[in-house]
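Residue numbers (my numbering), protein chains in the order written: chain A, 47 to 604; chain B, 13 to 211; chain C, 5 to 339.
Here it is, written out as C-alpha cells:
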C-alpha cells in the first residue's frame with residue numbers, strides 16, 4: 047500500500063467552519079470530484095424517494111381490491127417511480143461515477159470542460175425538481191393535474207391533450223427534456239476528456255476498462271438521447287401548437303411515438319447498465335488478484351453491445367401488429383445483443399478463475415451481479431422470442447425482468463462501486479460487517495420481491511393495474527412480492543446508516559486500501575483538488591502494478 | 013508517486029500530443045445534433061403523402077433557390093474570413109465576416125417571408141395537417157440553429173468591431189465556422205427532403 | 005313466455021360453463037396459445053441449460069479459487085491476460101445457439117402471424133374504449149359489450165377472426181389461455197384469431213395502460229358449442245325484450261339522459277358513447293368486469309358508477325329514489 051505525502055495538501059486542523067464558504071465551495075464548484083459526489087448523492091436521494099413510492103405501490107398490491115390509494119394516485123406513483131429511477135437515479139449515477147473517476151484514472155487534472163460539467167449537473171437537478179414540482183403545480187383544468195400519470199414511457203395518444211388534460215404530462219416532458227440536456231453535456235465531456243486529456247503514455251488501449259466502458263456509454267448517450275428529446279419536442283408541438291405528429295384523427299401514427307421512444311429507450315437501458323459493467327471490470331480483477339481476462343475482447347464486447355443496441359428497439363413493440371419480417375428481424379437482433387453480454391460474463395468469470403478471491407463487500411456485490419444479471423439476461427432472451435413475448439409483453443414477467451436487470455444488476459454494481467471507492471472519496475473505510483449485512487439482506491429482499499413477478503406474468507397479470515380481483519391466482523405471489531420490499535427497505539436503511547456513520551467516524555483509509563492498480567489509488571484519499579502532484583507517466587494499463595512489481599511489470603506482456 | 017523518471021518516460025511526455033479538446037467537443041456536438049435532426053427528418057419522410065386534407069407540398073412549396081444559394085455561399089465566405097484572419101488581414105476578415113452574416117440574414121428573412129405566405133395566403137399552419145406539422149417543425153428546427161449560429165456570428169462581429177483582438181481567438185472562430193458548416197450541411201438535407209423528395 | 009324461458013335456459017347454460025379465472029399461459033386451450041407455449045418451453049429449456057452451465061462454472065470458480073489462509077495467501081497468482089482461443093470458442097457457441105433459436109422462432113412467428121384461420125370463421129370487430137370493449141358481429145348485426153361469445157369445437161375447427169380497433173388510446177387484447185396479445189391502436193386495424201377448444205369462460209385483461217381504469221377493463225370470452233352459440237346469437241339479434249310495450253319504467257328511462265350515451269335496439273336510445281344495453285341482463289358482469297351483474301349491483305352502478313369504478317366516464321345522474329328504482333327495473337328487463 048503506497049502512501050503519498052503531499053505537503054501542499056495537509057489539512058489545516060481546527061480550521062474555522064464557515065457556512066458561506068462551504069456553501070460556495072459546493073454550489074460554485076467546477077471540480078469533477080465534487081460534481082461527481084453531488085451527482086451520486088442526488089441520485090441516492092431520488093433512489094430513496096422512488097423507493098418509498100415503490101413501497102406504497104406494493105402496499106396497494108399486497109392484497110386484492112386494495113384500498114391504500116385511489117386509482118389516479120396509484121397511476122401517478124408508478125409513473126413517477128419509473129421516471130425517477132431511470133432519469134433521476136440511473137442517469138446521474140452514470141454521470142457521477144464517470145465524472146469522479148475518469149479524470150483520476152487517466153491521470154488528468156479535471157474533465158475537459160469543467161464549467162460545462164457544472165452546467166450539466168445543475169440543469170439535471172433543475173429538470174428533476176421541475177418534474178417533482180408537478181405534485182404542487184400540476185393542477186390544471188378540471189382538477190386534472192398533479193404529477194404525470196401516463197407511465198414512464200408516456201405512449202401516445204394517451205399523452206395527447208385530449209386524454210391527458212392539465213399540465214401533468216407537460217411536467218413529464220419538460221422535466222425530462224431539461225434533465226436530458228444535462229446528460230448529453232456530461233457525456234460530451236467524458237468523450238472529450240477520454241480523447242484529449244490522457245496522461246503521457248496512456249494510449250487508448252491502456253485506458254482502464256472502467257474508462258473504456260464509460261466512454262462507450264457516453265457515445266451511446268450522445269447518439270440515443272436526442273431521439274427522446276426530438277419525440278418530446280414533437281409531443282410539445284402536438285400539445286401546445288395543435289400539431290399532428292401523433293394525432294390519429296389527422297392521419298398521424300400512434301405507433302410513431304413508440305418507435306422514436308424506444309430508439310432512445312433501448313439504448314437507454316444499456317446506458318444505465320454500463321456503469322455496473324465498468325465497476326465490475328475494476329473490482330473483480332482487484333479482488334481476484336489478476337488482470338481482467340481478455341481486455342481487448344471486453345472492449346470489443348462493449349462496443350458491440352453499444353452498436354447492436356441501436357438496432358433492437360422494436361422488441362418493445364412486438365404486440366403492435368408489425369409484419370412477421372419485422373418481428374423476426376428484431377427477435378434476431380435482440381438475441382444477437384445477448385452474445386457480447388454473455389461474453390462479458392464469461393470473461394469476468396475467467397478473471398476470477400485461477401485467482402485468489404477476496405470476498406469483501408464490493409466483491410460480494412459483483413459476484414451477486416454475475417449470477418443475477420445472468421438470470422436477467424436469460425429472461426431477456428425469452429422475451430426476445432416474439433411469440434413468447436406476445437404472451438409476456440406488458441405482463442409482470444417484464445416487470446420482473448427489468449427489475450432484475452436494474453436492481454439486481456445495476457444497483458448491485460453501484461453498491462459495489464460505492465463500497466469500493468468510498469475510501470478514496472472520503473478517506474475512510476465503510477464498516478465491513480454492516481456492508482455484509484446490507485448485502486445479504488438486500489440479495490434476499492430483491493429475490494423475494496422480483497422472482498414471483500415472473501410467475502405472475504405467466505398467470506396473466508398485466509402491468510400497471512392499481513388493483514386486481516381475487517380468485518385470479520395472483521394473491522399469494524403479490525403478497526410475497528410486497529414482503530420482499532420490506533426486507534429491501536431494511537437493507538437500504540443499513541446502507542444509509544453505514545454511509546453516514548463511516549463518512550464521519552469510519553476508520554481512516556490510506557491511499558490504496560484495496561491494493562489496486564489504477565491511477566486513482568496513486569493519490570491521496572481524498573485526492574487533492576488538482577488530483578496529482580506530478581502528471582503521471584504510464585507504460586501499461588496497470589501503472590500501480592508496474593510500480594509494485596518492478597520485476598514483473600505489465601508492459602513487458604502487453 | 014514514487015518514480016524514477018526513466019528516459020523513455022520523459023520521451024513519452026515530450027512527444028505526447030492528443031487531439032484538441034475543442035475540436036473533439038464540436039465534433040461530438042455535431043454528432044448529437046445530427047441525431048436530433050435525423051428523427052425530425054424521419055418523421056417528415058414517414059408522413060409524406062399522408063395528410064388527410066389541407067394544402068399539399070406541391071401546391072404551396074416553391075424551391076427556395078436564392079436563400080439556399082445565400083446560405084451555402086456563406087459557408088464559403090466564412091472560410092474566406094478565416095483565411096484572412098490567419099493571414100492577419102483584419103479588415104478583410106471583418107468584411108467577409110459581415111458578408112457571411114448578411115447571407116445568413118437573407119436566408120432567415122426569406123424563410124420568414126416564405127412562412128408568412130404559407131400561413132396567410134395558403135392557410136398552412138403547424139396544426140393544419142401532417143405536412144404543416146412536419147414542415148414547420150423540421151424547417152423551424154433548422155432555422156433555430158441558424159439563429160443561434162447568427163447570434164454567435166454577431167458576437168464575433170461586435171467584439172472585433174469594438175477593437176477586441178479577435179486574432180487571439182482563431183481556434184474558437186474555427187469552431188464556430190464548423191458549427192456554421194454543419195448548419196449548412198443540414199440545410200442541404202432538409203432542402204432535399206422537403207423540396208425535392210417531398211413535393 | 006317462451007322467450008323468457010329460452011333466455012333463462014341460455015343464462016343457465018352460460019352459468020354452467022367452466023370458468024378459467026386463472027389464465028395460465030402454460031395451460032393453452034387454443035392454437036395460437038399452444039404454439040406460443042411450445043416455443044416458450046423450447047426457449048426455457050435452452051436458457052435453463054445455459055443458466056445451469058454458466059452458474060455452475062461461476063460457483064465452481066468461487067469455491068475453488070477462494071483465498072485460502074495458507075502460506076501463499078499474499079502471493080499474487082499467475083497474471084493471465086487472456087486467451088484468443090477461449091474467446092473464439094465462447095463466442096462461436098453462443099452464436100450457434102442464437103442462430104438455432106432465431107430459426108425456430110422465425111418459423112413460429114410466420115406460423116402464427118401469417119396463418120389463415122379455419123374456414124368456419126366467426127368475424128368479430130372489437131373496438132377499445134376507455135375502459136370498456138365494444139363488440140360487434142358484422143355478419144349477425146349484433147352489438148354488445150365486454151363479453152365475447154364465440155363458438156368452440158374440440159379440434160379447434162371453430163375459429164373467431166377478430167378485427168381490433170380503438171376509439172381513443174392504445175389498448176391490448178389479452179386472453180392468455182387463448183392467444184398472445186395484440187394491441188388495439190387508433191387509426192390502425194389489427195387482426196388476430198382464436199379457436200377455443202373447450203367451452204368455458206376465459207378471463208383476460210386489457211394489457212396496455214390506457215388511463216385511470218385500465219385495471220378494470222376486463223375481458224371475458226365465453227366459448228360455447230356451435231349450437232349454443234347460434235342460440236345466443238339469435239337472441240342477441242332480437243330487439244330489446246320490452247321493445248314492444250311502453251311501460252312506465254321504459255318511459256322513465258327514455259326521458260333521462262341515459263339515451264344520449266347508450267343504445268337499446270328497438271327504442272329511441274341510440275347513443276354510441278357507452279355500451280349497448282339491449283341485452284344487458286345476458287351479461288355476467290357490469291362495468292367491464294368490475295362487479296358481477298346482480299340486481300343489487302345494478303342499482304349501485306346506476307346510482308353512482310364512480311363508486312365501483314372511480315374515474316370512469318359514466319357520471320352519476322343523481323337520480324331520485326323513484327327514478328332509480330324505475331330505471332333499474334327497466335334495465336333488469338333487458339334480457
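Note that beta-carbon positions come from the ideal geometry of N, C-alpha and C, so glycine has one too.
Of all residues in the region 581 to 599 of chain A, only 581, 582, 583, 585 and 593 come within less than 8 Å of chain B when Cβ atoms are compared, listed by chain position. The beta-carbon of residue 398 of chain A is placed less than 7 Å from the nearest beta-carbon of chain C. At a Cβ-Cβ threshold of 7 Å, residue 203 of chain C and residue 229 of chain C count as neighbours. For the pair of segments examined, the region 389 to 401 of chain A was found not to touch the region 432 to 441 of chain A: the number of CB pairs separated by less than 8 Å stays below three. For residue 86 of chain A, the enclosing alpha helix (DSSP H) has its first and last residue at 78 to 107. Scanning chain A for C-beta atoms nearer than 8 Å to the C-beta of residue 32 of chain B yields 242, reported in chain order. Residue pairing of residue 210 of chain C in beta bridges, as defined by DSSP: C/177. Contiguous alpha helix (DSSP H) elements confined to the region 247 to 277 of chain C occur at 252 to 259 and 262 to 265, taking only those with 4 or more residues.
Non-local C-beta neighbours of residue 166 of chain A in its own chain, meaning closer than 6 Å and more than five positions away in sequence, comprise 228, 231 and 232, ordered along the chain. The region 102 to 115 of chain C and the region 248 to 266 of chain C do not touch, with fewer than 3 CB-CB distances between them shorter than 8 Å. Only those residues of the region 55 to 74 of chain C whose C-beta falls short of 7 Å from the nearest C-beta of chain A are listed: 55, 58, 59, 61, 62, 65, 66, 69, 70 and 71. Exposed is the label assigned to residue 75 of chain B, since fewer than 16 other Cβ atoms lie within 10 Å of its Cβ. The beta carbon of residue 167 of chain C does not come within 7 Å of any beta carbon belonging to chain A, so the residue lies off that interface.
Taking 8 Å as the upper bound for CB-CB distance, residue 306 of chain A and residue 347 of chain A are not in contact here, some 28 Å apart. Remark: fewer than three beta-carbon pairs, one from each stretch, lie closer than 8 Å, so the region 124 to 134 of chain B and the region 81 to 99 of chain B are not flagged as touching. Chain-order list of chain C residues neighbouring residue 402 of chain A: 69, 71 and 81, by C-beta distance under 7 Å. Nearest neighbour of residue 76 of chain C by Cα position, chosen from A/517, A/457 and A/403, turns out to be A/403. Cβ-Cβ separation between residue 480 of chain A and residue 544 of chain A: approximately 4 Å, consistent with a contact (criterion under 8 Å). Residue 182 of chain A and residue 218 of chain A have their C-alpha atoms spaced approximately 13 Å apart. Taking a Cβ-Cβ threshold of 7 Å, none of the residues of chain A is close to residue 79 of chain B; the smallest such distance is about 24 Å. With the rule of 3 Cβ pairs closer than 8 Å, the region 460 to 471 of chain A counts as touching the region 312 to 327 of chain A. Secondary structure note for residue 117 of chain A: its alpha helix (DSSP H) is the uninterrupted segment 117 to 129. Under the three-state reduction of DSSP, residue 169 of chain C is assigned to strand. Pairwise C-beta distances place the region 402 to 416 of chain A out of contact with the region 370 to 381 of chain A, as fewer than three of them are shorter than 8 Å.
Nearest Cα to residue 220 of chain C within the set C/337, C/92 and C/313: C/313.
Per DSSP, residue 76 of chain B has no beta bridge partner at all. Interface with chain B (7 Å Cβ-Cβ cutoff): residue 197 of chain A is excluded. Note: residue 183 of chain C is bridge-paired with C/179 in the DSSP secondary-structure output.
Judged by their CB atoms, residue 116 of chain B and residue 162 of chain B are nearer to each other than the 7 Å cut-off. At the C-beta level, residue 134 of chain C and residue 214 of chain C come within 7 Å of one another.
Rounded to whole angstroms, the separation of the alpha carbons of residue 160 of chain A and residue 240 of chain A is 14 Å.
Think of a sphere of 7 Å around the beta carbon of residue 512 of chain A: the chain C residues whose beta carbon falls inside it are 219, in chain order.
In the displayed model, residue 571 of chain A falls within coil according to three-state DSSP, outside both helix and strand.
The alpha-carbon of residue 190 of chain B is positioned some 12 Å away from that of residue 43 of chain B.
Annotation for residue 530 of chain A: 491, 494 and 495 place their beta carbon closer than 6 Å to its own, counting only its chain and skipping 5 residues before and after. Take the alpha-carbon of residue 571 of chain A and the one of residue 478 of chain A: they are about 18 Å apart.
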